[in-house]
Amino acid sequence: MDTNRQSQKRVWVIAGLLVLALSSTAITGCQSRTDPATVEPQNQTTSGIVNSTFVDVDGLFVTPTKVIVSYPTENVDLGYDACAGGPQLLDGTLYTFTYHGRSDGYDDTWTTAWDQTTGKKLWSACTNADTLSNAAFHSDGKHLFYVSAVLSFDSKLSRTATSRSIACLDKATGAMLWKNDMTVASPFMFQFYSDIAMHINKQSNTIDRVYILGEEVEQLPLPPDNQTTFLEVTPKVRNPGIYILDGTNGKLLGRIDLPALFTGSLYGGQLLCDGTTLYAIISESTEVESPAERSFLVAFDLTRNKMLWKESIDGEGTDLVKQGNILVFIHSAASINDWIDVWQIDATATSAKRLWTRKTGESQSAYHVFSFAVDNTFVYLQGDKGTLRALELANGNEAWEQRFVSYKTGGLDMPQNLYPNMTLTITRDILYVEDGGGLVAALDPATGDEFWNKRVSQVGWGQTHTANMFVMQVVDKGLLIIAWDGNVKLWAIDAESSAAAEKVIKEYYKCVNEKNAAGMKQYTIPGLGNPWEFDKLEYANLISVSERQSREAGMKVFVVILDVKYKQGDAGGSVEPSGKYTWYYLLKRDNATSPWLICDWGGDEY
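Under mature numbering (1 follows the signal peptide of the UniProt record, and there is no 0), read the sequence shown as residues -28 to -1, 1 to 578, first letter to last.
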């Protein structure tokens, strides 16, 4: 929700539109391993990994070709002026946001909850959720916490004013459990500068404390319409800091004072809680005008609300994530220079040091690039001109690079060859890349090699809107796609066909261990032969069978990892020695009703 405009006067600024429109995973967070049709609760842990770029599921090595779930929700107008915010998925529930007009000419933001598996409408409520934040809702599985922002006309100030509050809903019903309006004495109003961060109680597994960066700001009236000259007055501010609320009832518990907080920041502040420590990126007040020239990376001990350490960084920071004892974020200097910044927290958590920093691209750009993902090995970073690089987490050394093509645009004031902002999501075994123009690619995180790509839509950029947008959520061996009009599809592989082919390989190796040559012939094409020397073989056990993308129609490819042992250690001759091996198996069938048969195998990658 844009809290600085009246509903009848929405105007999309192209730069802002691109940032919003091309950040196609508005639904963020780590999920537990699940069935493709189910998403488990967001991984809001009290310690360890706090990394919204990682989803704890198995990825797809093969192009998803089958829609296994499909249903309509409501028209969310993604990319258009009527868009109230991107859909969000949490704890198996999909949340959509739409505007509803009020009699005073302003809009309220309504939230509708849908069962992710069935598409059943669960509830709808006026939340006025501030949906232009990274994630509108934060959940512990039972409750939804969020920042509410309501526009109205203040007759005393002769201007539009925004009243903000922090609220908590019952996740199951949408009922308001508590709301703190953060009321302060006029003419001051409370202003937020960050998303909320939460502390989850280990015993109850519920949120017991909520943190948000803010201060009280004086609201100044607009000058009369007939006044042509007036002095520029800077509003007074007071009580800047990190405010702490009780998660059970919303009551204010206290504040961590930050007297040097800079209120002119372009990106606000960043808060991240890992259970014992609250990490923050806070712009420092200086004599230099916006954007801020300096910020601090800070850590607070949550048992005492005391600062553990503080380090200075250039410019402003955004998109803070934590992977183990590593903090990663983007910092922007002079509003156009973007750098990836990587810091290591020491074993005692009492200090931190910068491991490395690197410019995101060779050229400066007015379009900021905040697209990166992090795992235990690499930082995957979008650069300029469609580049995607894997940088070693420990030292920033480049491991591989991929390039994505540009798109033509329809806007007169826009680049004709546009490289949109990507959205990167890392899973246990796949790096998903949404190129910003409607293409989704699955890459090998270790090498950058492409397993497959699929065009979900053809995004079109206009002067005042972006067409054919979608939001993608990675689930276990599947992709949940929410289109611009609210239609939902869950894409997966043809699991029945893949399972039948995989069973052939398993049955084949059952015959190998039984030394049943006749049985093996049931699962191979005629004339393929028997490569095993049964008199020397003790066993050939399957460790894993994993499907890969085939280059031919009617063909399936599997990576098979074997543990082979011979009676006398090594079989000798042309037979491979004992050990673990990776083989590629190719299977084909004549038609959709005929059985899959092994047609070839080899040790080289297919």
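For every residue, glycine included, the Cβ atom is placed at its ideal position computed from N, Cα and C.
Reference residue i, options the options, closest by Cα
i, options, result
"Y379", "E373, W372, N389, A345", "N389"
"Q435", "F33, D53, S24, V29", "D53"
"R227", "V189, R276, K93", "R276"
"F272", "G213, I497, L224", "G213"
"A232", "F162, A305, S267, V431", "S267"
"P44", "D535, I454, E468", "I454"
"L269", "Y404, T83, I302", "I302"
"A467", "A108, P207, K449", "K449"
"D535", "A525, E524, W555", "W555"
"Y481", "S470, T155, L514", "L514"
"Y391", "D80, Y404, L360", "L360"
"K537", "R561, K560, D562, E510", "E510"
"P549", "S304, S566, W504", "W504"
"W315", "L403, T419, V351, T248", "V351"
"Y215", "G241, E190, P207", "G241"
"R210", "V476, L185, P36", "L185"
"F26", "D572, L403, N309, R523", "L403"
"A371", "N393, D416, F234", "D416"
"S130", "V405, Q191, T103, K143", "Q191"
Helix, strand or coil at residue i according to DSSP, with G and I counted as helix
i, result
"Q494", "helix"
"I477", "helix"
"residue 611", "Past the boundaries of the shown model lies residue 611; the chain is included only from -28 to 578, so the question cannot be answered."
"residue 590", "Here the chain has residues from -28 to 578 only, and residue 590 is not among them."
"I413", "Looking at the sequence itself, residue 413 is Ala, so the reference to Ile does not match. DSSP places A413 in strand when its eight states are reduced to three."
"N440", "coil"
"S(-6)", "With a pLDDT of 38 at S(-6), under the threshold of 50, the modelled position of this residue cannot be trusted; read the value that follows with caution. Three-state DSSP puts S(-6) in coil, outside helix and strand."
"A564", "coil"
"D(-27)", "Interpretation of D(-27) is limited by its pLDDT of 35, a score under 50 that renders its predicted location unreliable; the figure taken from the coordinates is listed afterwards. In the structure shown, D(-27) sits in coil (DSSP, three-state: anything other than H, G, I, E or B)."
"A256", "Sequence inspection shows Glu at residue 256; the Ala mentioned does not correspond to that position. Looking at E256 - three-state DSSP - the assignment turns out to be strand."
"N488", "coil"
"K539", "coil"
"A157", "coil"
"A319", "coil"
"A472", "helix"
"K357", "coil"
"K114", "coil"
"W372", "strand"
"K174", "coil"
C-beta atoms of residue i and residue j nearer than 7 Å
i, j, result
"V529", "R520", "yes"
"A85", "Y71", "no"
"N23", "Q374", "no"
"V431", "G458", "no"
"L396", "A362", "no"
"K151", "A169", "no"
"I465", "P36", "yes"
"F109", "L50", "no"
Span separating the alpha-carbon of residue i from that of residue j
i, j, result
"A564", "Q445", "31 Å"
"I317", "A366", "12 Å"
"K461", "S120", "30 Å"
"L(-7)", "A473", "Per-residue confidence for L(-7) stands at a pLDDT of 34, beneath the threshold of 50, marking its modelled position as unreliable; the derived number appears in the next sentence. Each residue's Cα considered, the two are about 38 Å apart."
"M527", "L558", "7 Å"
"F442", "L353", "22 Å"
"L94", "T83", "11 Å"
"K223", "L217", "5 Å"
"W311", "T332", "5 Å"
"T99", "S323", "40 Å"
"W424", "H115", "38 Å"
"K128", "S135", "15 Å"
"V377", "D313", "26 Å"
"residue 609", "L569", "Nothing can be reported for residue 609: it is not among the residues displayed for the chain, which extend from -28 to 578."
"S566", "A525", "15 Å"
"D572", "V476", "13 Å"
"S4", "V29", "A caution first: S4 carries a pLDDT of 33, below 50, which makes its placement in the model unreliable, though a value can still be read off. Going from the Cα of S4 to the Cα of V29 covers about 6 Å."
"T6", "V41", "In this predicted model, T6 has a pLDDT of only 34, less than 50, meaning its place in the structure is not dependable enough to derive any value."
Residue(s) in a DSSP beta bridge with residue i
i, result
"F350", "E364"
"F125", "T132"
"T65", "L62, D87"
"N152", "I138"
"C98", "W82"
"G289", "H303"
"D407", "According to DSSP, which records beta bridges pairwise, D407 is partnered with nothing at all."
"L558", "V529, D572"
"E422", "L415"
"I184", "Y215"
"S120", "A101, S137"
"E190", "F160"
"D313", "F301, T329"
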